[in-house]
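For reference, each letter of the sequence shown is one residue, going -35 to -1, 1 to 261 in mature numbering (1 follows the signal peptide of the UniProt record, and there is no 0).
Glycine included, C-beta positions come from ideal geometry on N, C-alpha and C.
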Amino acid sequence: MNRPRLPLLRTAGRMTALVAAAAGVLLAAAAPAVAAAPAGRYVALGDSYTSAPLVPTQVDLNCLRSNRNYPSLVAASAGSASFADVSCSGATTEDILYGGDGALGIALPPQVNAVTSATALVTVQIGGNDIGFSGIISDCAEASVSSPLGSPCKDRYTAGGTDQLRARIAATAPKVTAVLRAVRQAAPNARVVVLGYPAILPDSGYGCWPVVPIAYQDVPYLRGVQKALNTMLADTAAAGGASYADVYTPSIGRDACKSSGTRWVEGLIPQNAAAPFHPNARGEQGMATALLAHLS
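Written out as structure tokens, the structure is:
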């Protein structure tokens, strides 16, 4: 695959300057509590919600990866004997299985290559880019300008009586299954955990337009799409012999509409160091804490 790699929910070109502006904001994250996670080799696979673009400190510019992302926090807390974080912004299931190019155009091997027979723990957070969530957010934000109280995004994606986004989620399920199969083949004895995605929009109500520029009636629709994605990931994990770590429930009340000192996920204009519509350091720690609790 020779294509540019973008963060999971990065919007169109007009937002790139906002990403750069957010880079100088610092947010400290305390270490999560110690849990009984496997102490052998740990391999983290995933997209930008895993790699944490712009969260200090960035240690891999090709993948926009932070050393304060949740895999790094979990590895430190669990005392992993060895640790390989190959998560990368913009990654899809194909990148895990077949490789691709990073943000700097540097070729990357398949993420699954990092999984060996000696691996004790593998975490997987993938699927958002497979359904095209970056374009969804961009399209819905743009549509909200002309109809902030309406449902222009829902109208677009359900035109003709078919929900295109639910169809994309269904089409992604076998791709996630293929990832889990490859992981299991590479590490038959590893504990494999699939993570969902934290709340971007409030778990109830109609959002906070224009702070988060999603039209009021579109908020319940997109919230349902995200929950459907997480449900698919949970069901696919169970069918594939993996477990599912719920990071959505602990993120309720910490969505992009909340204050800068509360939110886990940033909005269009980040107030903490993170890419737009991505977890900040607090969100990465929150996912680490949820994962450690799941492993204990």
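For residue j and residue i, believed in contact at Cβ under 8 Å, the rounded distance
i, j, result
"Ala17", "Asn34", "4 Å"
"Val51", "Ala147", "In fact, because the Cβ distance is near 13 Å, the residues do not count as touching under 8 Å."
"Val89", "Val157", "7 Å"
"Pro167", "Ser109", "In fact, because the Cβ distance is near 15 Å, the residues do not count as touching under 8 Å."
"Phe48", "Tyr7", "5 Å"
"Ala199", "Gly161", "7 Å"
"Pro163", "Ser103", "Not really, about 20 Å apart at Cβ, beyond 8 Å."
"His95", "Thr137", "It should be noted that the sequence gives Asp, not His, for residue 95. 4 Å between Cβ atoms; contact."
"Gly64", "Thr142", "Contact doesn't hold; Cβ gap of about 19 Å is too wide."
"Gly91", "Asp12", "For the sequence presented, residue 91 should be read as Ile rather than Gly. Contact holds; Cβ gap of about 6 Å."
"Gly115", "Ala180", "5 Å"
"Gly172", "Cys222", "6 Å"
"Ala9", "Gly44", "About 16 Å; that fails the 8 Å criterion."
Separation of residue j from residue i, as counted between CA atoms
i, j, result
"Met(-35)", "Cys28", "Because Met(-35) carries a pLDDT of 38, less than 50, the predicted location of this residue cannot be relied on, and the following value inherits that uncertainty. Cα to Cα, Met(-35) sits roughly 15 Å from Cys28."
"Gly218", "Ala72", "39 Å"
"Tyr186", "Lys119", "6 Å"
"Ala56", "Leu86", "20 Å"
"Gln23", "Ala239", "11 Å"
"Gly(-12)", "Leu19", "In this prediction, Gly(-12) has a pLDDT of 35, which is less than 50 and means its spatial position is unreliable; what the coordinates show is noted afterwards. About 9 Å."
"Asp220", "Ser31", "21 Å"
"Ala135", "Met197", "8 Å"
"Arg188", "Gln250", "22 Å"
"Tyr209", "Cys53", "21 Å"
"Ser111", "Pro74", "43 Å"
"Gly70", "Gln191", "30 Å"
"Arg121", "Ala152", "43 Å"
"residue 281", "Lys140", "Any answer about residue 281 is impossible in this case: the structure gives the chain only from -35 up to 261."
"Gly97", "Thr84", "31 Å"
"Ser82", "Asn154", "8 Å"
"Met252", "Asn245", "11 Å"
"Val212", "Leu256", "8 Å"
"Gly232", "Val80", "34 Å"
"Trp174", "Ala2", "40 Å"
"Thr214", "Ile234", "24 Å"
"Asp128", "Ile165", "20 Å"
"Leu260", "Ala124", "42 Å"
"residue 282", "Ile61", "Summary: the structure shown does not reach residue 282, with the chain confined to residues -35 through 261, and so no result is reported for it."
"Leu(-9)", "Ser224", "In this predicted model, Leu(-9) has a pLDDT of only 33, less than 50, meaning its place in the structure is not dependable; the value taken from the coordinates is given anyway. Their backbone Cα atoms lie some 14 Å apart in a straight line."
"Ala258", "Arg228", "20 Å"
"Gln236", "Ala68", "23 Å"
"Ser42", "Pro36", "10 Å"
"Gly93", "Leu130", "11 Å"
"Val159", "Val144", "11 Å"
"Asn195", "His243", "16 Å"
"Val176", "Pro113", "12 Å"
Residues that DSSP places opposite residue i in a beta bridge
i, result
"Ala47", "Before going further, note that residue 47 is Ser rather than Ala in the sequence given. Partner(s): Arg6."
"Gly11", "Gln90"
"Leu160", "Ala210"
"Ser42", "Bridge partners of Ser42: none, in fact."
"Leu73", "Gly65"
"Arg30", "Asp25"
Cutoff 8 Å: residue i Cβ touching any chain B Cβ
i, result
"Val24", "The displayed structure is made up of one protein chain only, and chain B is not part of it."
Reduced DSSP category for residue i - H, G, I as helix; E, B as strand; rest coil
i, result
"residue 262", "Shown here, the chain extends from -35 to 261; a query on residue 262 therefore has no answer."
"Ala204", "helix"
"Thr84", "strand"
"Gln23", "strand"
"Ala180", "coil"
"Val230", "strand"
"Arg219", "coil"
"Pro244", "strand"
"Arg131", "helix"
"Leu260", "helix"
"Ala136", "helix"
"Leu166", "coil"
"Asn195", "helix"
"Val110", "coil"
"Ser16", "helix"
"Ala239", "coil"
"Tyr171", "coil"
"Ile102", "helix"
"residue 273", "Because the chain in this structure spans residues -35 to 261, residue 273 falls outside the shown range and cannot be described."
"Asp60", "helix"
"Asn154", "coil"
"Ser37", "helix"
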